[in-house]
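Residue numbers (our numbering), protein chains in the order written: chain A, 216 to 574; chain B, 218 to 415.
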């Protein structure tokens, strides 16, 4: 009997890394949602997870940093991944600032192995890998902006020229460059695609390296379509070409950016639908509707079958660095700046309403 | 069987006896009686001011069982004096209801141990069994705004209150909601509410 081992990220421990002094994350096997005010390190957590898991996978498969070119040793791949994903002036800038030389540490644990990473303030990276990581699947990072409009020629330009776009854009364009999977769509992919294509009222096609949305009355170039729809179209194509339906990892930074809140339910369904396929997701959000939709889906799961976790990142007075709180649903979290902002707004709206009624 | 009828302020609640086993907890002998949790009411000296500050035991209005699940109901009627309560509501209402839920759970379990009854036995059973849901419902009645933009604020307020209540009560349940019992679109099977006119 063929047994496929699906390897999940189970734990991240960071020490003196960017905004964090000491922090630990115990992740759920399905959907992980990070909330927190700006500057609390949510995107840094996603980028670190992506950089480290992809570096380890590329090292383990012998693929090297960029296919068959570039560095092949784990330390070198990790250093290059961190530099190109975070884009610091110098790699040592990722070490939490303090007087004197310091070392940042990160320990990423999968169900089958662990990598321990050390990064000195001089920018030297060393890594120690234990266990078996041969089963690691690909990770896809979706940045806040869509890439369909910049796709034509992006890969070649990024490789040859200085760029302000980080590697997540390059890797995503590489993934989008893959042709559709051969044969008819299986039922799972079809079920994931249907609501997206219904929301778009179009399907996504590629012609001579350019993306188009195919409506009933003809094709429209991706740059002419609303940005929120380009984002949806990008996800649709990643499903069509199999990049988002392997048993890998999805890192999605602020899905709500450019998307109408009406699409939050669809976003939720896509994320949880991919969870059913074995994709482990990591999402950051500032959006009340999206966070609430994700929480609603998380809470609908039977007690004891927890597949989702919510993390609140925040600074506590008197403590160094950013702290982490964890809950099974959104309202388990005491630290919730999204709800706090909503409560504050609602209080002022009610005051204005009462003033109107009294006048 | 006739429905069980309770009056809370200006609102009459009717619980269908076929599907509800409900008691008015803040009038129940297990709460008000000599062995009830209210016996820990008293005063504590504030270490800073030296003043004697009252420490009271709180209670939700109704405790009910339906389809094997436990419901705690708290009723708030803000009609006619919403403005005076506006600031307090925003920050203190979820805390106030949370404290009532805390004391009610303690009171129900204590009474089950010290003054058992068949109803308390079933309530305590529902509380202690993890697979049976505990619902907390804040029934809040306010003057209905007439302007469309004010009705939207009103609807949003209900959602925000539910979120705040869930945040306060996540130590014991995730099933906590704020609702208007007089809104016909809010259906809780076997329960009816109406305003009593003088």
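We put the CB at the ideal spot given by N, CA and C, even for glycine. Everything numeric in this text was worked out from a predicted model, so none of it was measured.
Using beta-carbon distances, residue 307 of chain B counts as an interface residue toward chain A, with a partner under 8 Å. The beta carbon of residue 427 of chain A sits closer than 8 Å to those of 419, 420, 421, 434, 435, 436 and 437, all from its chain and outside the five residues before and after it, given in chain order. A contact between stretches requires three or more CB pairs, one per stretch, nearer than 8 Å, and the stretch 241-251 of chain A fails this requirement with the stretch 270-282 of chain A.
For residue 253 of chain B, the closest of B:333, B:295 and B:284 by C-alpha to C-alpha distance is B:333. Taking a C-beta distance under 8 Å as the contact criterion, residue 399 of chain B and residue 358 of chain B qualify as a contact pair. Below the 7 Å Cβ cutoff, chain B contributes 377 as neighbours of residue 557 of chain A, in chain order. Boundaries of the alpha helix (DSSP H) around residue 294 of chain A: 289-301. Rounded to the nearest angstrom, the Cβ distance from residue 391 of chain A to residue 362 of chain A is 7 Å, consistent with a contact under 8 Å.
At a C-beta separation below 7 Å, residue 562 of chain A has these neighbours in chain B: 307.
Leaving aside the five residues that flank residue 381 of chain B on each side, the residues in its chain whose CB is nearer than 7 Å to its CB run, in chain order, 311.
Listed along chain B are 391, each with a C-beta nearer than 8 Å to that of residue 514 of chain A. Of the candidates A:230, A:483 and A:248, A:248 places its Cα closest to the Cα of residue 528 of chain A. In this structure, residue 382 of chain A sits near residue 299 of chain A, with a CB-CB distance shorter than 8 Å. Relative to residue 262 of chain A, the option among A:537, A:288, A:227 and A:479 whose CA is nearest is A:227. Residue 449 of chain A and residue 513 of chain A have their alpha carbons spaced roughly 25 Å apart. Sixteen is the threshold: when 16 or more other Cβ atoms of the shown chains lie within 10 Å of the Cβ of residue 446 of chain A, as they do, the residue is buried. Excluding residues up to 5 positions away in sequence, 281, 283 and 407 lie with their Cβ nearer than 6 Å to the Cβ of residue 237 of chain B in the same chain. Taken atom to atom, the span from the alpha-carbon of residue 370 of chain B to that of residue 452 of chain A is near 39 Å.
Listed in chain order, the alpha helix (DSSP H) runs fully inside the stretch 273-349 of chain B are 299-331 and 335-345, counting runs of at least 4 residues. Here residue 400 of chain A carries a coil assignment [DSSP, helix/strand/coil]. The DSSP-derived three-state label of residue 224 of chain B is strand.
For the stretch 241-275 of chain B, the continuous alpha helix (DSSP H) assignments of 4+ residues that do not extend past its boundaries occur at 246-249, in sequence order. Under the Cβ criterion (8 Å, minimum of three pairs), the stretch 386-395 of chain B does not count as touching the stretch 556-567 of chain A. Contact between residue 498 of chain A and residue 470 of chain A is confirmed by a C-beta separation of about 6 Å, below the 8 Å threshold. Within the same chain, Cβ atoms closer than 6 Å to the Cβ of residue 327 of chain B are found at 254, the five residues on either side in sequence being excluded. For residue 259 of chain A, the enclosing alpha helix (DSSP H) stretches over residues 257-275. Between the beta-carbon of residue 224 of chain A and that of residue 325 of chain A there is about 6 Å, and that keeps the pair under the 8 Å contact cut. Around the C-beta of residue 414 of chain B, fewer than 16 other C-beta atoms lie within 10 Å, and the residue is accordingly described as exposed. Here residue 371 of chain A is exposed, its C-beta having fewer than 16 other C-beta atoms within 10 Å.
Straight across, the Cα-Cα distance linking residue 278 of chain B with residue 291 of chain B is about 5 Å. In this structure, the CA atom of residue 414 of chain A is about 40 Å from the CA atom of residue 409 of chain B. Residues of chain B with a Cβ closer than 8 Å to the Cβ of residue 502 of chain A do not exist, since the nearest Cβ in that chain sits about 14 Å away. Among the residues of chain B, those whose CB is under 9 Å from the CB of residue 544 of chain A are 383, 387 and 391, following chain order. Look at residue 241 of chain B: its C-beta is not under 8 Å from any C-beta on chain A.
Residue 320 of chain A places its beta carbon less than 8 Å from that of residue 230 of chain A.
Residues of chain B with a Cβ closer than 9 Å to the Cβ of residue 475 of chain A do not exist; the shortest Cβ-Cβ separation is about 17 Å.
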